[in-house]
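Read through the structure below, which is laid out as C-alpha cells, and then see the notes.
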Amino acid sequence: MLATASAVAETIVKGRVIDASTDAPVIGAEVELLRAAEVLAVGDSDNSGRFLLSFAFETTPEQRALRLRVKRTDYATGSAKVIVTAGRPDRDAYDVTMLPDALARCVSGDPYLVTVGRFFDPPSGANVVQLSGYLARALSLHLAPELQKKHLPDGLQLTFVECTGASPHSLAHLANYARALGAQVFIAGDVIETGARYTVRTYFGDPYGVFGPDTSVVNRDVDIADPAAVALDADTYAHMLVALTHRYVENGRHAECVDICVAAEQLIQELSPGQPTPKIISDQREFCAARTENARLLP
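Residues 1055 to 1353 (the working numbering) are what the sequence shown spells out, left to right.
In C-alpha cells:
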C-alpha cells in the first residue's frame, strides 16, 4: 500500500516585537519562523512592531514545535516558542521581547542582582557619567561583605553591577528595566547638586512592580572620590534589602521574608548607626510575620 502524503494548509503566525525595557514597538526587525534549522517563513515588523507570517504546513494532529527568531542590528536576538497542532498555532498572537545591546551586555545571570543604571547630570552640566560605577563599587564594598555575615535563606548574596547603558527616560519603566536585566532591584537616578560632594537622588525598580515609579531617596553628602568612604542614606540600603523579599512573598515564603527583614534591620544599624529603622523594612517585616502566623493557624 502506498503511503499518502500529509495534507497541508496555510498557517498564519502573527504578533508584535517589543522593546523589553520600554514596551515600545521594535520597528524593522527581521522575523523568522524556524523548524529546527529550516526557515519556514520570513517577514519584518511594521511601524507598530507587528508582524504576520503565512506559510504552508502539514495539518497532522501531532504537535510540532517551531521557533520565532527576531533580529535587529542594535538588539540582542529575541525568540519565542510556537506550537502548531493540526495547522493551528497555540496562540492567537505572540509577543517577542528584544533587549537593546546596551542592556544585553549587563545581564549576568546572578540570582540576586542589583543593577546600577545611569545617573543623569545636574543642571550645572557637570559630567557624572562615572557615578554608576562608583555607587556599584561602594555598595559592593559596604553592603555585600556585611550581608555575608547574616543568617539568610538560600545562601542569598547580592551582586552589584554597573550598567551605564541602562538609561530610563521615564520612571514608569524602572520595573521593566529590572525584569529585562534579571535584577532583583534596578537603581537609577539624578544628581541634584554638585561640589566637593554630591547630593544624589536614587530611584528603584523591582521585577514585581512593588515599588512605585515615584519611589526615591535623597542621599546627601556623597563622596564619590573614594567608594570605600561612600555612605548612603539608610532608606537607600533599605529599599535594596526589601527588594530581596519580593521573590519570597510571591512564592508564599513569608518566614524567609521575615528572616531577611531581621537581617536588614541589623545591617542598617551597623551601616547607618543612630538612624532609625526605615519604615519600609518594619512594614515589610510586619506584613510577612502576620502571614507566617496565619499559616500556622491553618489546619
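C-beta atoms are modelled at their ideal positions from N, C-alpha and C, and glycine is treated no differently.
Query raised in the report: Is residue 1102 buried or exposed, if buried means 16 or more other CB atoms sit within 10 Å of its CB?
Result: Exposed, because fewer than 16 other Cβ atoms sit within 10 Å of the Cβ of residue 1102.
Query raised in the report: What is the rounded straight-line gap between the Cα of residue 1061 and the Cα of residue 1113?
Result: 6 Å
Query - Per DSSP, the bridge partner or partners of residue 1117 - result: Beta-bridge partners assigned by DSSP to residue 1117: 1139.
Query - Under the three-state DSSP convention, the category residue 1091 falls into - result: coil
Query raised in the report: Taking buried to mean at least 16 other C-beta atoms within 10 Å of its own C-beta, is residue 1098 buried or exposed?
Result: Residue environment: residue 1098 is assigned as exposed (fewer than 16 neighbouring CB atoms within 10 Å of its CB, all protein chains considered).
**Report entry** DSSP bridge partner residues for residue 1355 (one or two, in chain order)
**Finding:** There is no way to answer for residue 1355, as the model of the chain reaches only from 1055 to 1353.
Query raised in the report: On the premise that residue 1133 lies in contact with residue 1066, defined as a C-beta separation below 8 Å, what is that separation, rounded to the nearest angstrom?
Result: Between residue 1133 and residue 1066 the Cβ distance is about 19 Å, and since that is not below 8 Å, they are no contact.
Query raised in the report: Which of the three DSSP states, helix, strand or coil, is assigned to residue 1206?
Result: coil
Requested in this report: Thinking residue 1106 and residue 1068 are a contact (beta carbons under 8 Å), I'd like their distance in whole angstroms, please.
Outcome: 4 Å
**Report entry** Simplified DSSP assignment, three categories, for residue 1341
**Finding:** helix
Report task. State buried or exposed for residue 1287, treating a residue as buried only when at least 16 other CB atoms are found within 10 Å of its CB. Result -> buried
Report task. Report the three-state DSSP secondary structure of residue 1336 (helix, strand or coil). Result -> Collapsing the DSSP output to three states places residue 1336 in a helix.
Requested in this report: State the DSSP-derived secondary structure class of residue 1197, mapped to helix, strand or coil.
Outcome: helix
Report task. Less than 8 Å between the CB atoms is what I'm expecting for residue 1211 and residue 1301, so what's the real figure, rounded? Result -> Residue 1301 and residue 1211 do not touch by the CB rule: their CB atoms are close to 14 Å apart, not below 8 Å.
Query - Sequence-distant residues of the same chain with beta carbon closer than 8 Å to residue 1289, five excluded per side - result: 1271, 1332 and 1334
Query raised in the report: Cβ of residue 1135 within 8 Å of Cβ of residue 1083?
Result: No. Outside cutoff.
Query raised in the report: For the beta strand (DSSP E) that residue 1255 lies in, which residues bound it at each end?
Result: 1252-1259
**Report entry** Residue from 1162, 1158 and 1187 with nearest C-alpha to residue 1171
**Finding:** Of the candidates 1162, 1158 and 1187, 1187 places its Cα closest to the Cα of residue 1171.
Requested in this report: Note down the Cα distance separating residue 1185 from residue 1200, rounded to an integer number of angstroms.
Outcome: 23 Å
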